[in-house]
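Chemist: Letter 455 of the sequence shown, counting from 1, is numbered 460 in the numbering used here, and no numbers are missing.
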Amino acid sequence: MSENVLVLDFGSQYTQLIARRVRELGVYSEIKPFNTSIDEIKELSPNAIILSGGPSSVWDEDSPTIDNKVLGLGIPVLGICYGMQLIVQLLGGKVEKSDKREYGPATINTSKTDDLFSEIPAATDVWMSHSDKVLEIPDNFISVAFTDNTPVAAIKCEDLKIYGTQFHPEVAHTLLGKQILSNFIYRISGCKGLWNPESFVESCIRNIRETVGDSKVICALSGGVDSTVTAVLLKEAIGNNLTCVFVDTGLMRLNESEEVVKNYKELELNLIDVDAGKRFLSKLSGVTDPEEKRKIIGEEFINVFDEEAHKFSNAEFLAQGTLYPDVIESVSVKGPSATIKSHHNVGGLPEKMNLKLVEPLRELFKDEVREVGRALKVSGGLLNRHPFPGPGLAIRIIGEITEDSLQILRRADHIFIEELKQGGEYDNIWQAFCVFLPIRTVGVMGDERTYDNVIALRAVTSVDGMTASWARIPPELLEKISVRIINEVKGVNRVVYDISTKPPSTIEWE
Ligand code: XMP
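#1: Would you list, in sequence order, the uninterrupted beta strand (DSSP E) runs of no fewer than 3 residues that lie entirely inside the region 377-462?
#2: How should W200 be labelled, buried or exposed, when 16 other C-beta atoms within 10 angstroms of its C-beta is the threshold for buried?
#3: Please list the segments of the alpha helix (DSSP H) lying wholly inside the region 222-263, counting only runs of 4 or more residues, in order along the chain.
#4: For the ligand XMP, any of its heavy atoms closer than 7 Å to the Cβ of D325?
#5: Taking the alpha-carbon positions, what's the E356 to V374 distance?
#6: Considering Cα atoms alone, identify which of G109, I125, C196 and S187 is closest to N154.
#7: If we ignore side chains and look at the alpha-carbon of each, how far apart do S410 and K485 end up?
#8: Pick helix, strand or coil for L518, following the three-state DSSP scheme.
#9: Enumerate in chain order the residues of its own chain whose CB-to-CB distance from R106 is below 6 Å, with the five nearest sequence positions on each side excluded.
#10: Pairs of beta-carbons, one from the region 280-289 and one from the region 187-197, closer than 8 Å: are there three or more?
#11: Taking 8 Å as the cut-off, decide whether the C-beta atoms of V266 and D280 are in contact.
#12: Which whole-angstrom value is the C-beta distance of R415 and L259, which I expect to be below 8 Å?
#13: Could you spell out the range, first to last residue, of the alpha helix (DSSP H) harbouring L362?
#14: Between N73 and the rest of its own chain, which residues show a CB-CB distance below 6 Å, the 5 nearest in sequence each way excluded?
#15: Look up A464 in the DSSP assignment and give the residues it is bridged to.
#16: With 16 other CB atoms within 10 Å as the buried threshold, where does I125 fall?
#17: Any heavy atom of the ligand XMP within a distance shorter than 7 Å of the CB on P396?
#18: Could you name the residues of the same chain whose beta carbon sits closer than 8 Å to that of V222, not counting the 5 residues immediately before and after it, in chain order?
#19: Would you check whether the ligand XMP has a heavy atom nearer than 7 Å to the C-beta of Q436?
#20: At what residue ranges does the region 39-65 contain a whole run of the alpha helix (DSSP H), taking only runs of 4 or more?
#21: Under three-state DSSP, which class holds S68?
#22: Using a Cβ-Cβ cut-off of 8 Å (strictly less than) and excluding sequence neighbours within five positions of G229, which residues of its own chain qualify?
#23: With respect to the alpha helix (DSSP H) encompassing F285, which residues constitute its N-terminal and C-terminal limits?
#24: Am I right that I142 and S148 are in contact with their C-beta atoms under 8 Å? What's the rounded C-beta distance?
#25: Only counting runs of 3 or more residues, tell me where the beta strand (DSSP E) segments fall wholly within the region 92-162, in order along the chain.
#26: Identify the continuous beta strand (DSSP E) that holds L323 and give its terminal residues.
#27: Given this structure, state the Cα-to-Cα distance separating T506 from T472, to the nearest angstrom.
#28: Return the Cβ separation of I400 and E515 in integer angstroms, given the expectation that the two are a contact with Cβ distance under 8 Å.
#29: Can you give the Cα-Cα distance for Y269 and L276, rounded to whole angstroms?
#30: Look at the alpha carbon of V139 and the alpha carbon of Y19, and state the distance between them as a whole number of angstroms.
#31: Based on the DSSP secondary-structure assignment, which residues constitute the bridge partners of K37?
#32: Does the ligand XMP have even one heavy atom less than 7 Å from the beta-carbon of I190?
#33: So for T216, helix, strand or coil by DSSP?
#34: When every heavy atom of the ligand XMP is checked, does at least one fall within less than 7 Å of the C-beta of I125?
#35: Identify whether T170 lies in helix, strand or coil by the three-state DSSP scheme.
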């Protein structure tokens, strides 16, 4: 029997972290909007429900709420922050409105080191982020923790199996937060811990078969981790009813298209490989504005894909490797249709082709996708590749794209990545690449004055690409890279290293 912890989302910036922590603890978890109907909840039959935090106050007009009956289903419930305040209000307690915010570290004191606080010392550090406070707890509940500022920092009603914490157990700053969540999931809710990448693969394959049936599915492959893992999952589920299309935009790195196609053949994917480089380059001729480049590439991609797909199949579904961070808006607060990042490569494709979407990875983070890929026996070389943007080298050549600048960038980038791999740095870095700058600078080579191009090196460390720091590559390795690029790539006489963080800079230069 499968297990599931349902997270109802009230718009907290940490909602996805809750689901992720639960999965790390070995139980599958998925997020649904706060207003998911009670019938749907019953159908999902979760082992436990977690109510996330959120920016609202229970006193706001139209504040997000749940059907009271959810608390009477006999399913254990944990309310976090706003989630706890909502429980208190719905069950007859009192929440005090406050404009004063308590944000940051706090120490909770508890005399009840059992149940939710099993294996937690009487005093432990937690992370707070709230304004309103619980003033009176509902009948049959007891308060089980307090801080200097918050008299009611955690509550429970053992009979109803309903619990609440004012602090956030899901964030790393709450020292023993994982233990608290583990207590809730295992001790209180009786989960057994059946989730791991292998079981995810199994249930995913079952779900895909149920959704897709005997219909045909197409999938756009980019060579990256997300689309590759998506395609392999689909292939396991529906075999030859999956057709993959790889569009070579002419904006790939050195030898990349050949390698990608070889890898896909080895994975025995049913592949159509389209060489569309000329089409893309002619559309991009003379274009310098980054957003314009993205728009042109996005549109052209859809055109090529649409033409190819119509040639061979009557597909009803499009499989996409959308990940959780791509779903940037909080699903619940904005309504059920999640917004995809504006630079998501094939945005607009399903509408144009009138296809339904299959997105098996949309609840996962990149590192979880890599785990799933490993469970599917996808090779490490493919799984550990740095992310590469859909518009490819077009957004790494500042200004106009020409055959010459593409050649120079490809060769410089190849040296950079090769040296990072040889120097054992590649796997410590989230993403590394070269950027071709639209300026020339003076240099001296031998006895000659040169006036040539500049290459910028960009390498960042990051967890999810949303924020990033520049990678501390050893200076000796940076020197070797710079010497090799200037010596081996004709047309380059200067290499610079980008030391900007995101924010305020972005990872890509365009
Ligand atoms: P930025 O530059 O926004 O990049 O800090 C964050 C991550 O997104 C990738 N990126 C893109 N990916 N199409 C994509 O598929 C795009 O237009 C695009 N722009 C940026 C970037 O490489 C980094 O991993």
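Think of the CB as a built atom: it goes at the ideal place given N, C-alpha and C, for glycine as much as any other residue.
Modeler: Well, looking at it:
#1: Counting whole runs of 3 or more residues, the region 377-462 contains the beta strand (DSSP E) stretches 436-450.
#2: Around the beta carbon of W200, 16 or more other beta carbons sit within 10 angstroms, so the residue counts as buried.
#3: DSSP assignment within the region 222-263 yields the following whole alpha helix (DSSP H) runs of 4 residues or more, N-terminal first: 230-243.
#4: Asp is not the amino acid found at residue 325; the sequence shown has Gln there. Q325: no, Cβ never under 7 Å from the ligand XMP.
#5: If you draw a straight line from the Cα of E356 to the Cα of V374, it is about 26 Å long.
#6: Nearest option by C-alpha distance: G109.
#7: Linking S410 to K485 through their CA atoms gives a straight-line distance of about 22 Å.
#8: In the structure as shown, the chain begins at 6 and stops at 515. Residue 518 is therefore absent and cannot be evaluated.
#9: For R106, where only same-chain residues beyond five positions count, the Cβ hits under 6 Å are S136.
#10: Taking a contact to require three or more Cβ pairs closer than 8 Å, the region 280-289 and the region 187-197 do not qualify as touching.
#11: Taking 8 Å as the Cβ cut-off, V266 and D280 do not qualify as a contacting pair.
#12: Taking 8 Å as the upper bound for CB-CB distance, R415 and L259 are in contact here, some 4 Å apart.
#13: Element bounds for L362: not the alpha helix (DSSP H) but the beta strand (DSSP E), K361 to V363.
#14: Excluding sequence positions up to five before and after N73, its CB lies within less than 6 Å of the CB of L95, all in the same chain and listed in chain order.
#15: Beta-bridge analysis with DSSP links A464 to A437.
#16: Buried: at least 16 other Cβ atoms inside 10 Å.
#17: Using a cutoff of 7 Å, the CB of P396 counts as near the ligand XMP, since one of the ligand's heavy atoms is closer than that.
#18: Sequence-distant Cβ neighbours of V222 in its own chain, meaning closer than 8 Å and more than five residues away, are L239, I243, N246, L247, T248, A320, E321, F322, L323, A324 and V363.
#19: Yes; taking the cut-off as 7 Å, the Cβ of Q436 has a heavy atom of the ligand XMP nearer than that.
#20: Entirely contained in the region 39-65, the alpha helix (DSSP H) runs reaching 4 residues are, in chain order, 43-49.
#21: Secondary structure of S68 (DSSP, three-state): coil.
#22: Result list for G229: G326, R390, P392 and F393, in chain order.
#23: For F285, the enclosing alpha helix (DSSP H) covers residues G282 to L289.
#24: Taking the Cβ atoms as the reference, I142 lies roughly 6 Å from S148, within the contact range of under 8 Å.
#25: Residue ranges of uninterrupted beta strand (DSSP E) with 3 or more members, entirely inside the region 92-162 and ordered along the chain, are 99-101, 107-114, 128-135, 138-141, 147-150 and 159-162.
#26: Per DSSP, the continuous beta strand (DSSP E) segment holding L323 begins and ends at F322 to A324.
#27: Between the C-alpha atoms of T506 and T472 there is a straight-line separation of about 8 Å.
#28: I400 to E515, Cβ: 4 Å. Contact.
#29: Each residue's Cα considered, the two are about 7 Å apart.
#30: Straight-line Cα distance between these residues: approximately 21 Å.
#31: According to DSSP, which records beta bridges pairwise, K37 is partnered with L13.
#32: Flag unset: Cβ of I190 not near the ligand XMP.
#33: DSSP, reduced to helix, strand and coil, places T216 within a helical segment of the structure shown.
#34: The ligand XMP never approaches I125 closely enough for any of its heavy atoms to be under 7 Å from the residue's Cβ.
#35: Note: T170 maps to strand in three-state DSSP.
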